[in-house]
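Protein chains in written order, with the UniProt record's numbering: chain C, 1 to 191; chain G, 1 to 191. One structure is given below, encoded as C-alpha cells.
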DNA sequence: ACTACTTGCTACATAGCTGTTGCAAGTAGC
DNA sequence: GCTACTTGCAACAGCTATGTAGCAAGTAGT
C-alpha cells in the first residue's frame, strides 16, 4: 500500500494526523480539514500532502482502526482459550480500540481493504459465539445473529459514553458480558 | 410556534419536506438541501421558504420527532398500567417512532423545546424502571442508569437494522424486553 | 557536510452549498 | 370569480471547504 517508505518524522506526522482526525471527527463528523490540521498541530497543506483527499484520510483511518481491532481480537486467543475467557478478554481489548477509534469504526464502509479485515473479525466473533452456544453458555434457542447484534450494541454503548475514560476497561468488559448473558432482570421473576 | 396558520397545501408541503429530510439525512447526515428538496419533490427554494436555515429544519424535525415519541409513551399508560405491560407497550410504540424518525432523534440536542419534551420522556422512563425494580422484575442491585442505557441501546439496534420494516413491531418489542431482562445466556450456566 | 525529504506559509483556483429575490403560473378558499 | 397564498424557476451574492503550487527554512540520515 505505502508506495514509498516515509522518513521517520513524516511517519510520526501521519500518526499524529490520524489521531487528531479521530478526536475531531468523533465530536463533529463534518469538521473541516482545517480543524483536523489545527488539532494535529500542523498546517492544512501538510494534511493534504499526506492524504490527497478527505476520503483518503477517512479510508486510512478505517483501515488503521480495523487493523487495531483485528490485533485486539487476535490477542484474546479466540480459538484456543476457553470460550468465556476469550469473550471477556476480547471484550476488554475491543473496548480499548473502540474508545480510541470510535469514529473510524462507525464510518460507513466504502469498499476498501478495511472491509476484509472487519469481515475476518466478525467471522471470528461468530465462531466464538457458536462455541459458547455449544458449551451451553448461550441459550440453545437463541439466534446467534441477534447475539452478535446485542453484543455490538452493548460495546458501542459503553464505548460511547464518557465513563469509558474514567472506569477501567476490565470493569466495563465485565459489565458488558454480564448484561449480555444475564440481562438486567431478576432471575426469580416470572415473565 | 407557528406564527400564522398555513394554508392546507402548504401544510402538506411542510410534512412532505420533513419526511423526505428524515429519509435523506438518515442515509447521509451531510446531504444538501438540494437533495432533500429533490426527495420531497419540491424546489430548493420552497424548502428555504418554509425553513429559513438548515438548522431550523433539523430543529423542527427534532421537535416533531420528540412530540411523536412523547405521545407514543403517553399512550402506553406508563403510570397506571402494570409496569411490565407498560414496558412492552411503550417499547412497541417507541419503536415505530424510532424507525420513522431515527435521524431526528439521534441528532445532537441543540437547546430547543425538543429538549424539554425529551427530558419528560426520559423522566417517565426512569420512573417506570424504578417501579419495575420495586416490583422485583429488575434485580435489586442493578444500576437504573445502566438499565436505561442498555434499553436505549437495544431500541437503537433494533430500530436501525432493516428488519424493523419487515418484522412486526410487537415481535421486535418482545425481543427487546426479553433480552433486556434475561440477556442471551442460558439460565442454568454458571458464570 | 551534503542531500533529499519534510514542513509552514502564502497564494490561488475551483466547486458546492446556502440563503435571497423577483416574477410568472397555478391553486385553495371564500 | 376574486383574492391571497403558494410554488417553480432563474438568477445572484457570499461564503466556506477543497485541493494545488511554489518557495524558503529546517531536519533526518548518510
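Using N, Cα and C, we set each Cβ at its ideal position, and we do this for glycine too.
Does the distance from the C-beta atom of residue 13(C) to that of residue 42(C) stay below 8 Å?
Locating residue 13(C) in the first chain gives position 13, counting from the first residue. Locating residue 42(C) in the first chain gives position 42, counting from the first residue. Yes, these two residues count as a Cβ contact at 8 Å.
At 9 Å on the CB atoms, spell out the chain G contacts of residue 120(C), in chain order.
Sequence index remark: in the first chain, residue 120(C) carries index 120 (1-based). Near residue 120(C) there are no residues of chain G at all, since even the closest Cβ is about 22 Å away, more than 9 Å.
Quick one: what's got a C-beta closer than 8 Å to residue 95(G)'s C-beta in the same chain, skipping five residues either side?
The sequence position of residue 95(G) within the second chain is 95, counting from 1. Correct list, in chain order: 155, 158, 159, 164, 169, 172, 173, 176.
Neighbourhood of residue 23(C) by C-beta distance below 8 Å, restricted to the same chain and skipping five residues each side
The residue you call residue 23(C) lines up with position 23 of the first chain. For residue 23(C), where only same-chain residues beyond five positions count, the Cβ hits under 8 Å are 39.
Going straight from the alpha carbon of residue 15(G) to that of residue 123(G), what length do you get?
The residue you call residue 15(G) lines up with position 15 of the second chain. The residue you call residue 123(G) lines up with position 123 of the second chain. Each residue's alpha carbon lies about 29 Å from the other.
For residue 187(G), go through chain C and note every residue whose CB falls closer than 9 Å to its CB, in chain order.
Residue 187(G) sits at position 187 when you count from the first residue of the second chain. 139, 182, 187, listed in chain order.
Let's see if you can read the secondary structure: which residues bound the alpha helix (DSSP H) around residue 164(C)?
Within the first chain, the letter at position 164 stands for residue 164(C). Its alpha helix (DSSP H) spans residues 163-166.
Who are the neighbours of residue 102(G) on chain C, taking C-beta pairs under 9 Å?
The count along the second chain starts at 1 and reaches residue 102(G) at position 102. What residue 102(G) touches in chain C: nothing, since even the nearest Cβ is about 14 Å away.
Stretch pair the region 129-138 of chain G + the region 81-89 of chain G: three plus CB contacts closer than 8 Å
yes
First and last residue of the uninterrupted alpha helix (DSSP H) at residue 157(G):
The sequence position of residue 157(G) within the second chain is 157, counting from 1. Residue 157(G) -> alpha helix (DSSP H) spans 144-160.
Per DSSP, cross-strand counterpart(s) of residue 138(C):
The residue you call residue 138(C) lines up with position 138 of the first chain. Answer is 185(G), bridged to residue 138(C).
Pick helix, strand or coil for residue 35(C), following the three-state DSSP scheme.
Residue numbering aside, residue 35(C) sits at position 35 when the first chain is read from its first letter. Looking at residue 35(C) - three-state DSSP - the assignment turns out to be helix.
Do residue 180(C) and residue 142(C) have their CB atoms nearer than 8 Å?
Within the first chain, the letter at position 180 stands for residue 180(C). Within the first chain, the letter at position 142 stands for residue 142(C). No, Cβ-Cβ distance for residue 180(C) and residue 142(C) is not below 8 Å.
Within 8 Å, strictly: CB atoms of residue 209(G) and residue 73(G):
It is not possible to answer for residue 209(G), since the shown part of chain G is limited to 1 through 191.
For residue 184(C), the nearest candidate out of 153(G), 33(G), 139(G), 70(G) (CA to CA)
Taking the first chain and counting its residues from 1, one reaches residue 184(C) at position 184. The candidate whose alpha carbon is nearest that of residue 184(C) is 139(G).
Name, going along the chain, the residues of the region 19-41 of chain G whose beta-carbon falls closer than 8 Å to a beta-carbon of chain C.
29, 30
So for residue 109(G), helix, strand or coil by DSSP?
For the purposes of this step, residue 109(G) is taken as residue 109 along the second chain, with counting starting at 1. Looking at residue 109(G) - three-state DSSP - the assignment turns out to be coil, as it is neither helix nor strand.
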